[in-house]
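Asker:
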Amino acid sequence: MRYFYLVILISISFFANAQEDSIQIATDRPGFSEYPKTIPSGYFQIEAGFSFESETVNPTDRLQLINWNNTLLKYGLLEGLELRLSQSYQSERLLEGGQSPQFIWQSFSGPVVVGTKIDLLQESGLKPQTAIVAEYGFNTFSPETFERNNFYRIQLTSKYQLNPEWYLMGNLGYDKRFNDFGRLRYTVNSGYSLNQKLSIYAEIYGFLSESRTPLNYFDGGLIYLINPKLQLDVHAGFDMVQQTNSLVEYQQSFIAFGLGYLFKVKK
Numbered sequence: 100m101r102y103f104y105l106v107i108l109i110s111i112s113f114f115a116n117a118q119e120d121s122i123q124i125a126t127d128r129p130g131f132s133e134y135p136k137t138i139p140s141g142y143f144q145i146e147a148g149f150s151f152e153s154e155t156v157n158p159t160d161r162l163q164l165i166n167w168n169n170t171l172l173k174y175g176l177l178e179g180l181e182l183r184l185s186q187s188y189q190s191e192r193l194l195e196g197g198q199s200p201q202f203i204w205q206s207f208s209g210p211v212v213v214g215t216k217i218d219l220l221q222e223s224g225l226k227p228q229t230a231i232v233a234e235y236g237f238n239t240f241s242p243e244t245f246e247r248n249n250f251y252r253i254q255l256t257s258k259y260q261l262n263p264e265w266y267l268m269g270n271l272g273y274d275k276r277f278n279d280f281g282r283l284r285y286t287v288n289s290g291y292s293l294n295q296k297l298s299i300y301a302e303i304y305g306f307l308s309e310s311r312t313p314l315n316y317f318d319g320g321l322i323y324l325i326n327p328k329l330q331l332d333v334h335a336g337f338d339m340v341q342q343t344n345s346l347v348e349y350q351q352s353f354i355a356f357g358l359g360y361l362f363k364v365k366k
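Below, the structure is given as structure tokens:
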């Protein structure tokens, strides 16, 4: 599976339609909010990124995670309906005492996630643009090495354009691993266009579960539009547990960058 997306990227030139049009790319990255609009019918979109994450769960040990290739593929099947396929390739290790590795990097493929996004409402007056996302992820790990679980997710996403430069977006969803408690998830995201190519955003997101301490995070970043079909981004974030509860040892931070590319499939 790790070579699947490489083949897709190499094949772009064979499927891309060189004809220009006025449609502009809109991605679900950066950040953790889903954009409330499907890609146009007959179009294909690739969103890929790299991230580095550090997580501390006690005073002495720190877990590091590298996401080498977090890739989401989208296809506009019909107007208002897109199909989605995603997977990532990751490496992780545990640093004991914050310095010496307890074990070397362990690499594995993330779950294969299939799903769909459906447009529900178009923005009009005080009515926000709204869509729903439904996804199912299934295990591709070696059970002898890592214990991973299948899961499903459903998420409602809405966006309101406050003025031509400034938007406000929010997501509310639920996800569940099949041998664990489910959890609610939310995002509140706001962005501002500095000019036609460069924009910034800030976001708060979090998870609420029956069995675990609520987790809340902040992230922000930059989006640069090279052309109407190609976007680059960089973003970073951290958990807000330490800022609200000094007794909890948990800390997490990350930095990431990526791109999005939209093209029309030849008929």
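Okay, so the sequence shown: first residue is 100 according to the working numbering, each after it adds one.
The beta-carbon is built from N, C-alpha and C at its ideal position, and this holds for glycine as well.
Treat the numbers as computed from the prediction; the structure is a model and nothing was measured.
In whole angstroms, give me the CA-to-CA distance for lysine 258 and tyrosine 304.
Answerer: By 1-based counting over the sequence shown, the position of residue 258 is 159. By 1-based counting over the sequence shown, the position of residue 304 is 205. Whole-angstrom Cα-Cα distance: 15 Å.
Asker: The beta strand (DSSP E) spanning arginine 276 covers which residue range?
Answerer: For this step, residue 276 is matched to residue 177 along the sequence shown. Per DSSP, arginine 276 belongs to the beta strand (DSSP E) from 265-276.
Asker: Is it a yes or a no for the segment 217-236 touching the segment 141-150, going by three-plus beta-carbon pairs under 8 Å?
Answerer: Output reads no: the segment 141-150 does not touch the segment 217-236.
Asker: Just the C-alpha distance for leucine 329 and threonine 159, rounded to the nearest angstrom, thanks.
Answerer: Stepping through the sequence shown from its first residue, residue 329 is reached at position 230. Stepping through the sequence shown from its first residue, residue 159 is reached at position 60. Approximately 43 Å between the Cα atoms of the pair.
Asker: Taking leucine 293 as the reference, which of Asp318, Arg161, Tyr323, Leu358 has the closest Cα?
Answerer: As a first step, residue 293 must be located in the sequence shown, where it is residue number 194. Leucine 293 has its Cα closest to that of Tyr323, out of Asp318, Arg161, Tyr323, Leu358.
Asker: With 16 other CB atoms within 10 Å as the buried threshold, where does glutamine 260 fall?
Answerer: On the sequence shown, position 161 is the one that residue 260 refers to. Burial call: exposed.
Asker: So, using beta-carbon positions, are tyrosine 291 and glycine 319 closer together than 8 Å?
Answerer: Residue 291 sits at position 192 when you count from the first residue of the sequence shown. Residue 319 sits at position 220 when you count from the first residue of the sequence shown. Going by C-beta atoms, tyrosine 291 is not nearer than 8 Å to glycine 319.
Asker: Could you check what DSSP says for methionine 100 in three-state terms: helix, strand or coil?
Answerer: Within the sequence shown, residue 100 is the residue found at index 1, counting from 1. Model confidence at methionine 100 stands at a pLDDT of 49, short of 50, so the residue's coordinates are unreliable; what they give is reported in the following sentence. Methionine 100 falls in the coil class under three-state DSSP.
Asker: Report all residues from its chain with a CB closer than 6 Å to the CB of asparagine 249; omit the five preceding and five following residues, and keep chain order.
Answerer: Here residue 249 corresponds to residue number 150 of the sequence shown, with the count starting at 1. Same-chain partners within the cutoff: Phe237, Asn238, Phe277.
Asker: Hey, how far is the Cα of glycine 130 from the Cα of histidine 334?
Answerer: Residue numbering aside, residue 130 sits at position 31 when the sequence shown is read from its first letter. Residue numbering aside, residue 334 sits at position 235 when the sequence shown is read from its first letter. If you take the alpha carbons of glycine 130 and histidine 334, they lie about 7 Å apart.
Asker: Could you give the first and the last residue of the continuous beta strand (DSSP E) run that contains tryptophan 204?
Answerer: The residue labelled residue 204 in the question sits at position 105 within the sequence shown. Unbroken run through tryptophan 204: none, as it is neither H nor E.
Asker: From the DSSP output, in three-state form, read off valine 156 for me.
Answerer: For the purposes of this step, residue 156 is taken as the residue at position 57 of the sequence shown. Coil.
Asker: What is the C-beta distance between glutamine 163 and leucine 194, in whole angstroms, given that I count them as a contact (C-beta under 8 Å)?
Answerer: Taking the sequence shown and counting its residues from 1, one reaches residue 163 at position 64. Taking the sequence shown and counting its residues from 1, one reaches residue 194 at position 95. Correct: roughly 6 Å between the Cβ atoms.
Asker: Can you tell which of Phe306, Met339, Gly214, Pro135 has the C-alpha that lies nearest to the C-alpha of phenylalanine 317?
Answerer: The residue labelled residue 317 in the question sits at position 218 within the sequence shown. Nearest option by C-alpha distance: Met339.
Asker: How would you call proline 135, buried or exposed, if buried means at least 16 neighbouring beta carbons within 10 angstroms?
Answerer: One-based indexing of the sequence shown puts residue 135 at position 36. Proline 135 should be labelled buried.
Asker: In whole angstroms, give me the CA-to-CA distance for serine 352 and glutamine 189.
Answerer: Numbered from 1 along the sequence shown, position 253 holds the residue referred to as residue 352. Numbered from 1 along the sequence shown, position 90 holds the residue referred to as residue 189. Cα to Cα, serine 352 sits roughly 16 Å from glutamine 189.
Asker: Tell me whether alanine 147 counts as near the ligand ADP, meaning its Cβ is closer than 7 Å to at least one heavy atom of that ligand.
Answerer: Among the ligands in the structure shown, none appear at all, so the ligand ADP cannot be discussed.
Asker: Around the C-beta of isoleucine 203, are 16 or more other C-beta atoms found within 10 angstroms, so that it is buried, or is it exposed?
Answerer: Position 104 of the sequence shown, counting from 1, holds the residue named residue 203. Counting Cβ neighbours within 10 Å, isoleucine 203 comes out exposed, since fewer than 16 surround it.
Asker: Since leucine 321 and leucine 297 are thought to touch, with beta carbons under 8 Å apart, how far apart are those beta carbons, to the nearest angstrom?
Answerer: Numbered from its first residue, the sequence shown carries residue 321 at position 222. Numbered from its first residue, the sequence shown carries residue 297 at position 198. Yes, leucine 321 and leucine 297 are in contact; Cβ-Cβ is about 7 Å, under 8 Å.
Asker: Going by CA-CA distance only, name the one from Tyr174, Gln221, Arg161 that's closest to isoleucine 124.
Answerer: In the sequence shown, the residue the question calls residue 124 occupies position 25. Closest option to isoleucine 124, Cα to Cα, is Tyr174.
Asker: By the 10 Å Cβ neighbour count, where 16 or more other Cβ atoms means buried, how is serine 121 classified, buried or exposed?
Answerer: Taking the sequence shown and counting its residues from 1, the one referred to as residue 121 is at position 22. Exposed, since its Cβ has fewer than 16 Cβ neighbours within 10 Å.
Asker: Glutamate 191 and glycine 214 - do their beta-carbons sit closer together than 8 Å?
Answerer: Position 115 of the sequence shown holds residue 214. Position 92 of the sequence shown holds residue 191. In this structure, glutamate 191 does not lie closer than 8 Å to glycine 214 by Cβ.
Asker: So who's on the other strand from isoleucine 231, going by DSSP bridges?
Answerer: In the sequence shown, the residue the question calls residue 231 occupies position 132. Ile217, Leu255, per the DSSP bridge assignment.
Asker: Under DSSP, the beta strand (DSSP E) around valine 97 begins and ends at which residues?
Answerer: In this structure the chain extends from 100 to 366, so residue 97 is not present and cannot be described.
Asker: Glutamate 302 and serine 132 - do their beta-carbons sit closer together than 8 Å?
Answerer: Position 33 of the sequence shown holds residue 132. Position 203 of the sequence shown holds residue 302. In contact: serine 132 and glutamate 302 (Cβ atoms closer than 8 Å).
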